[in-house]
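S.K.: First the structure, then my questions, so here it is.
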Amino acid sequence: MSVIRSAGLRGFRAVVEELGGDADDLARRARLDPAALDADDLLVPDLAMAGVLELAAHELDRPDLGLRVAARQDLSLLGPLALAIENSPTVAEAMECTSRYLFVHAPAMRISLEPDPDGVRGVEALRYDVTPPGVDPPRQGTDLSLGSLHRSIRSLAGGGYGLRTVDLPGRPVAPRAAYEDFFGVRVRFGRPAALLRLPSSLGALPLTGRDESVRRMALDFLDRQAPVDGDRVAPRVRGAVDQLLGTASPEVGAVARLLDLHPRTLQRRLAAEDTTFAAILDDARRAAARRYLLTTDLPLAQVAGLLGLSEQAVLTRACRRWWGRTPRDVRRHGLDPGV
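Numbering (this note's numbering), first residue to last: 84 to 422.
If you want it as structure tokens, here you go:
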């Protein structure tokens, strides 16, 4: 069972009460401790958090509930991670810090920069996964998480940041206008993933008012934290691999640098957890290949490149090993649920 810090529900009680609902009753019915609605640092099941959002949206007939809660959140809900982010030298380093330490807030959540799905030069996609690979994301939870991320970037950038469009999976649960009023740009639904399309130049934007000593203290604190499985390095390696796929070579040295570990130390710690870097990389590539083959029309050679594979033939061999099928067969006929 995955968990998340209760700070992710900040603003929920106020929104529900404004709408005439009983937040405590909704929490109990969703099997969530009502105390989580008034505290930031309780670890609660992410399914319960997703459940209370869906229940409230249904009971109160407010399909935009996730966006309403997001409008009441800011970067500070991330606690010490927010201090590290706000005191980073640039937006790019703030995003890297978020990707690296987001597991402290919610182990199942991941953000990563990917090539623009539309192939527009000078545009990148900031992807936000709120559930592990293969698990359908909750609708209200996705709206809340991506909305909160959008507000955090606006805060870092000091206002508008050149957002191009917003992609969301599935059909809209609220009127399109509610989404576009919130994000201020066109929102596209039925997309493969939740992401913000933003200018590549944003990463170079320097952050003002930063304090390097505060940043170092926050990073030191984060490095010593132990959420669920927090002492294990494998989840952090997986997050770093997901971040690098499609943007850089996912080699053990690159991942070790992201985690501030020597490559040999990283490999020893993985061995102590009964896994290897190669196994984690292979699993990440399999999940990404499944997503690209089943949800996009990208050329197979491009899919191979996004997976960090040298050529299309290597992708074909990998797919045969994973699923006993060629990439074209997977794209044409799909895969059994749970594969």
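Where a beta carbon is used, it is the ideal one built from N, C-alpha and C, also for glycine.
What does a CB cutoff of less than 8 Å around H416 pick up in its chain, not counting 5 residues either side in sequence?
M.R.: Taken in chain order, the residues that qualify are R408.
S.K.: Identify whether R193 lies in helix, strand or coil by the three-state DSSP scheme.
M.R.: Residue state, collapsed to three classes: strand.
S.K.: For the ligand NAP, any of its heavy atoms closer than 7 Å to the Cβ of A191?
M.R.: Looking for the ligand NAP in the displayed structure turns up nothing, as the structure carries no ligands at all.
S.K.: What three-state label does DSSP hand D116 in the structure shown?
M.R.: Looking at D116 - three-state DSSP - the assignment turns out to be coil, as it is neither helix nor strand.
S.K.: For my contact list, A277 and L229 are in at a C-beta cut-off of 8 Å; report their separation, rounded to the angstrom.
M.R.: So it is a contact: roughly 5 Å between Cβ atoms.
S.K.: Do R193 and G322 come within 8 Å of each other at the CB atom, strictly closer than that value?
M.R.: Yes; because the gap between Cβ atoms is below 8 Å, this pair is in contact.
S.K.: Mapping DSSP to helix, strand and coil, what is D250?
M.R.: Residue state, collapsed to three classes: strand.
S.K.: Rounded to the nearest angstrom, what separates A309 and V127 at their Cα positions?
M.R.: With a pLDDT of 44 at A309, under the threshold of 50, the predicted position of this residue should be treated as unreliable, and no value is reported.
S.K.: Residues in the same chain with beta-carbon distance under 6 Å from R298, minus the five sequence neighbours each way, listed in chain order, please.
M.R.: Hits under 6 Å: A167 and N170.
S.K.: Here's a check: name, in chain order, each residue in its chain whose Cβ is nearer than 8 Å to the Cβ of R293, leaving out the five neighbours to either side.
M.R.: Contacts found: E169, N170, S171 and P172.
S.K.: Going by DSSP, which residues form a beta bridge with E207?
M.R.: For E207, which the question treats as bridged, DSSP gives the partners P198 and L281.
S.K.: Can you tell which of H233, D147 and R88 has its C-alpha closest to the C-alpha of R254?
M.R.: The candidate whose alpha carbon is nearest that of R254 is D147.
S.K.: Would you call the CB atoms of R247 and V206 closer than 8 Å?
M.R.: The answer is yes: Cβ separation under 8 Å.
S.K.: With H, G and I counted as helix, E and B as strand and the rest as coil, what does DSSP make of D212?
M.R.: Strand, per DSSP.
S.K.: Which term fits H188, buried or exposed, when burial requires 16 or more other beta carbons within 10 angstroms of its beta carbon?
M.R.: It counts as buried.
S.K.: Give the DSSP-derived three-state secondary structure of P255 in the structure shown.
M.R.: Coil at P255, not helix or strand.
S.K.: Would you identify the three-state DSSP class for V311, choosing helix, strand or coil?
M.R.: Here V311 scores only 42 on pLDDT, less than 50, and its place in the model is too uncertain to base an answer on.
S.K.: Cβ atoms of A139 and G39: under 8 Å apart, would you say?
M.R.: This structure leaves residue 39 out entirely; the chain is present only between 84 and 422.
S.K.: In whole angstroms, give me the CA-to-CA distance for A110 and F186.
M.R.: Roughly 24 Å between the two C-alpha positions.
S.K.: When we look at the beta-carbon of R411 and count the other beta-carbons within 10 Å, is it buried (16 or more) or exposed?
M.R.: Exposed is the call here.
S.K.: Determine the closest residue to D121 out of A401, R93 and R340, with distance taken between C-alpha atoms.
M.R.: The candidate whose alpha carbon is nearest that of D121 is R93.
S.K.: As a quick exercise: from V203, A370 and L158, pick the residue whose alpha carbon is nearest that of T181.
M.R.: Here the closest residue by C-alpha is L158.
S.K.: Just list the residues that DSSP pairs R269 with in beta bridges.
M.R.: Its beta-bridge partners are T248.
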